[in-house]
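Protein chains in written order, with the numbering used here: chain Y, 5 to 332; chain F, 5 to 332. Just below is one structure, and these are the notes that go with it.
Protein chains: 2
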Amino acid sequence: MADLARIAGVSVSSVSRALAGSPLVARERREKILELAREHGYVMNAQAQNLRLRRTQTLSVVIPLGHESGQPLTDPFFVELLGHLADAITDRGYGMFLLKVVPPMGDWLESLITSNRSDGIVVIGQSTEHKALEAAAQRYSPLVVWGGQMPRQSYCTVGTDNKAGARAAVEHLIERGRRRIVFLGDPAVPEIKLRYQGYLAALENGPRGMAPPRSVPAHLLAESSYADMRAFLDEHGEFDAVFAASDVIAMSAIRALAAAGLSVPKDVAVVGYDDIALAAHTNPPLTTVKQDLRAGAQTIIDLLFKRMAGTTTDSVILPTRLIVRQSS
Amino acid sequence: MADLARIAGVSVSSVSRALAGSPLVARERREKILELAREHGYVMNAQAQNLRLRRTQTLSVVIPLGHESGQPLTDPFFVELLGHLADAITDRGYGMFLLKVVPPMGDWLESLITSNRSDGIVVIGQSTEHKALEAAAQRYSPLVVWGGQMPRQSYCTVGTDNKAGARAAVEHLIERGRRRIVFLGDPAVPEIKLRYQGYLAALENGPRGMAPPRSVPAHLLAESSYADMRAFLDEHGEFDAVFAASDVIAMSAIRALAAAGLSVPKDVAVVGYDDIALAAHTNPPLTTVKQDLRAGAQTIIDLLFKRMAGTTTDSVILPTRLIVRQSS
DNA sequence: TTGAAAGCGCTACCAC
DNA sequence: GTGGTAGCGCTTTCAA
Numbered sequence: 005m006a007d008l009a010r011i012a013g014v015s016v017s018s019v020s021r022a023l024a025g026s027p028l029v030a031r032e033r034r035e036k037i038l039e040l041a042r043e044h045g046y047v048m049n050a051q052a053q054n055l056r057l058r059r060t061q062t063l064s065v066v067i068p069l070g071h072e073s074g075q076p077l078t079d080p081f082f083v084e085l086l087g088h089l090a091d092a093i094t095d096r097g098y099g100m101f102l103l104k105v106v107p108p109m110g111d112w113l114e115s116l117i118t119s120n121r122s123d124g125i126v127v128i129g130q131s132t133e134h135k136a137l138e139a140a141a142q143r144y145s146p147l148v149v150w151g152g153q154m155p156r157q158s159y160c161t162v163g164t165d166n167k168a169g170a171r172a173a174v175e176h177l178i179e180r181g182r183r184r185i186v187f188l189g190d191p192a193v194p195e196i197k198l199r200y201q202g203y204l205a206a207l208e209n210g211p212r213g214m215a216p217p218r219s220v221p222a223h224l225l226a227e228s229s230y231a232d233m234r235a236f237l238d239e240h241g242e243f244d245a246v247f248a249a250s251d252v253i254a255m256s257a258i259r260a261l262a263a264a265g266l267s268v269p270k271d272v273a274v275v276g277y278d279d280i281a282l283a284a285h286t287n288p289p290l291t292t293v294k295q296d297l298r299a300g301a302q303t304i305i306d307l308l309f310k311r312m313a314g315t316t317t318d319s320v321i322l323p324t325r326l327i328v329r330q331s332s
Numbered sequence: 005m006a007d008l009a010r011i012a013g014v015s016v017s018s019v020s021r022a023l024a025g026s027p028l029v030a031r032e033r034r035e036k037i038l039e040l041a042r043e044h045g046y047v048m049n050a051q052a053q054n055l056r057l058r059r060t061q062t063l064s065v066v067i068p069l070g071h072e073s074g075q076p077l078t079d080p081f082f083v084e085l086l087g088h089l090a091d092a093i094t095d096r097g098y099g100m101f102l103l104k105v106v107p108p109m110g111d112w113l114e115s116l117i118t119s120n121r122s123d124g125i126v127v128i129g130q131s132t133e134h135k136a137l138e139a140a141a142q143r144y145s146p147l148v149v150w151g152g153q154m155p156r157q158s159y160c161t162v163g164t165d166n167k168a169g170a171r172a173a174v175e176h177l178i179e180r181g182r183r184r185i186v187f188l189g190d191p192a193v194p195e196i197k198l199r200y201q202g203y204l205a206a207l208e209n210g211p212r213g214m215a216p217p218r219s220v221p222a223h224l225l226a227e228s229s230y231a232d233m234r235a236f237l238d239e240h241g242e243f244d245a246v247f248a249a250s251d252v253i254a255m256s257a258i259r260a261l262a263a264a265g266l267s268v269p270k271d272v273a274v275v276g277y278d279d280i281a282l283a284a285h286t287n288p289p290l291t292t293v294k295q296d297l298r299a300g301a302q303t304i305i306d307l308l309f310k311r312m313a314g315t316t317t318d319s320v321i322l323p324t325r326l327i328v329r330q331s332s
């Protein structure tokens, strides 16, 4: 920039102002400077600019994997959300700082906040970190988490209506004549817990003759949920439908059922949750509860920007939609 | 830091040195400063430090999506690689700056380089951007791309042996008695092109009675590859095996076959490529060519650091392994 | 309108 | 060993 000033024969102040589009610098001069900058391929050092402006122009996106012992980011659902977040963030001219945190979970949130690497933080999924989030939210405002809304939580969440979505899915199964419906998922994760509640609500309001609720605490990982399902099949054969807490779990269930010689949906109907891209392309195509991740990501980033500007925001619950395919 | 110096009653220079663990400052004094820093919850402003040190301590990871018209990051394969990259990068104390670039592709690489946001760049998949990479590599060294090795390319790639992997997969099909094998994939993408060559090589060296090569230019997207497959099925019924250029394509193929009343593997055997986490959990479980992404990510980052240090590095081709499951 | 100069928070050179 | 001081590349008073 000093070079540019020398070339243009003006002060650095003027160059800085011109580049910022300030009306303080004469039109003619500004255009000349802009022209020169382009010509010489000058691009601003964002780092220095940000230091001076006391900002980073970067948002952190953290994925806590406390509920999964496996290392890799396995759930396509998270990935899709990630992609949309990347879009929403870059659309605003910000950078995205991606961070994965796996057990043993230390004070990851605290250190991320104090490290000052970003102007705001979005956490994807509460995982097992409800307390950490609760603590951090007390003194750090620009934080939005994707997940289920917990009673009396003090941090801001965006998520779909897990309970209603789950309920609709189970009601659909009941409507199709299913009476012995099993829930697959681990309620230790807040979102899953809410889906379980929706499942219970649907059963309670179902017709007479409904079998009592039964659940298998399947993990979100494909491998383990398959094993969980197989074990369940061996022990209790009596059910005609499965509501899985995620599409990945549902897909594992379908496979476990097939391995046990059961046909989907004839013997057992299966419904998932998420509507990941692959859901339409499994065999058979999966009935599932769609979450609009594009809207979700947009909402997260909108709220985060509001919070960065000092506004306080309430949590948002987005609607879901049941997508009926051949698995039910 | 100035505050800390005042509190400790020393100069900022000493604080800086103490925090950096410099042996220039007396042991006792250093420990006192460290103690004070901890006590007061002081954390360094990485931004200022990096500005001074003329570095960013950040690596860019770019995913060009030129070959996919759809917006979201659909392929679980990329995501898994992403997760491993995030590990490898954070292990080195660097940050990961994630960038998705979609059509229309401008001079994304050029502007990323000149923007000075990172100390090095990794590009995931060549997509349709071979020329852009070629051009950038001329004058920007800390660049490593995951993908297929092209003849006479001047940029550094890391990838698996696509040709050998594909060949092994097709030879496996031949061994299983299949003679009319179709290739599914779009050779416009370098990696896929190499897999196609492996397919051809296997056919050429196959026993007499092999049907001539046939291919469907299926896209990497699940939706379109399903449509591509359906269209193909309608037109030419005569084949007994499919080698798909990716697991996602293979899964779509399985579904298309099922929809056409064909059984996998009885009527048609299917083999994929990648061994994504879901591959073991499809119905039926997918035979596929495994790429070790953990090793891949490690290698990418190793090479990138070497290049950042000024070393020139050759491209690396990693071995693959055929995983035989029930789909073949 | 313009330019000089004072920092943003840190490191490293210099002299003591 | 230690402490001044001059920047890293930019923005923004403040005076002219």
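By construction, the Cβ of each residue, glycine as well, lies at the ideal position given by its N, Cα and C atoms.
The beta-carbon distance between residue 304 of chain Y and residue 162 of chain Y, rounded to whole angstroms, is 5 Å. This is short enough to meet the 8 Å contact definition. DSSP, read as helix, strand or coil, puts residue 66 of chain Y in strand. Residues of chain F with a Cβ closer than 7 Å to the Cβ of residue 285 of chain Y are, in chain order, 226, 230, 255, 256, 259. If the five residues before and after residue 297 of chain Y are omitted, its C-beta is found closer than 6 Å to the C-beta atoms of 84, 85, 88, all from its own chain and listed in chain order.
Not flagged as an interface residue toward chain F: residue 302 of chain Y, since no C-beta distance is shorter than 8 Å. DSSP places residue 98 of chain F in the coil class of the three-state scheme, outside both helix and strand. Counting along the chain, no alpha helix (DSSP H) covers residue 243 of chain F, and no H or E run does either. Taking 8 Å as the cut-off, the beta carbon of residue 246 of chain F is found closer than this to the beta carbon of residue 188 of chain F.
Boundaries for residue 277 of chain Y: no alpha helix (DSSP H) harbours it, while the beta strand (DSSP E) harbouring it runs 273-278, taken from the DSSP string. For a Cβ distance threshold of 8 Å, residue set 47, 50 of chain Y lies close to residue 119 of chain F, ordered along the chain. Close to residue 104 of chain Y, with beta-carbon spacing below 8 Å, are these residues of chain F in chain order: 87, 90, 91, 94. Burial state of residue 15 of chain F is exposed, judged by a 10 Å Cβ sphere holding fewer than 16 other Cβ atoms. Contact annotation for residue 54 of chain Y against chain F: 51 [CB-CB distance below 8 Å, chain order]. If one requires a minimum length of 4 residues, the alpha helix (DSSP H) runs lying completely within the stretch 185-229 of chain F are 194-208, in chain order. Closest in C-alpha terms to residue 130 of chain Y, from the list Y:122, Y:169, Y:113, comes Y:113.
Using beta-carbon distances, residue 282 of chain F counts as an interface residue toward chain Y, with a partner under 8 Å. By DSSP's assignment, residue 126 of chain Y forms a beta bridge with Y:65, Y:148.
Annotation: residue 228 of chain Y to residue 126 of chain Y spans about 28 Å, alpha carbon to alpha carbon. For residue 51 of chain Y, the enclosing alpha helix (DSSP H) stretches over residues 50-57.
At a beta-carbon threshold of 8 Å, the residues of chain F lying near residue 80 of chain Y are 80, 83, 282, ordered along the chain. In summary, no residue of the stretch 129-160 of chain Y has a CB separated from any CB of chain F by less than 7 Å. Beta-carbon to beta-carbon, residue 148 of chain F and residue 311 of chain F are separated by about 7 Å, close enough to satisfy the 8 Å threshold. Against chain F, the beta carbon of residue 262 of chain Y has neighbours under 9 Å at 287, 288, listed in chain order. Looking from the CA of residue 59 of chain Y, the closest CA among Y:124, Y:35, Y:25, Y:108 belongs to Y:124.
Contact check for residue 322 of chain F against residue 299 of chain F passes: the beta carbons are separated by less than 8 Å. Between residue 99 of chain Y and residue 101 of chain F, the gap from beta carbon to beta carbon is short of 8 Å.
Distance from the CA of residue 281 of chain F to the CA of residue 288 of chain Y, rounded to the nearest whole angstrom, comes to 19 Å. Between the C-alpha atoms of residue 248 of chain Y and residue 332 of chain Y there is a straight-line separation of about 12 Å. Annotated three-state conformation of residue 29 of chain F is coil, per DSSP.
Collapsing the DSSP output to three states places residue 86 of chain F in a helix.
Residue 153 of chain F and residue 194 of chain F have their C-alpha atoms some 8 Å from each other.
Note that the C-beta distance between residue 64 of chain Y and residue 115 of chain Y is not below 8 Å.
Between the alpha carbons of residue 255 of chain Y and residue 262 of chain Y lies a gap of roughly 11 Å.
Counting only Cβ-Cβ distances below 9 Å, residue 101 of chain F has contacts in chain Y at 62, 99, 100, 101, 102, in chain order. Assignment of beta-bridge partners to residue 295 of chain F by DSSP yields F:324.
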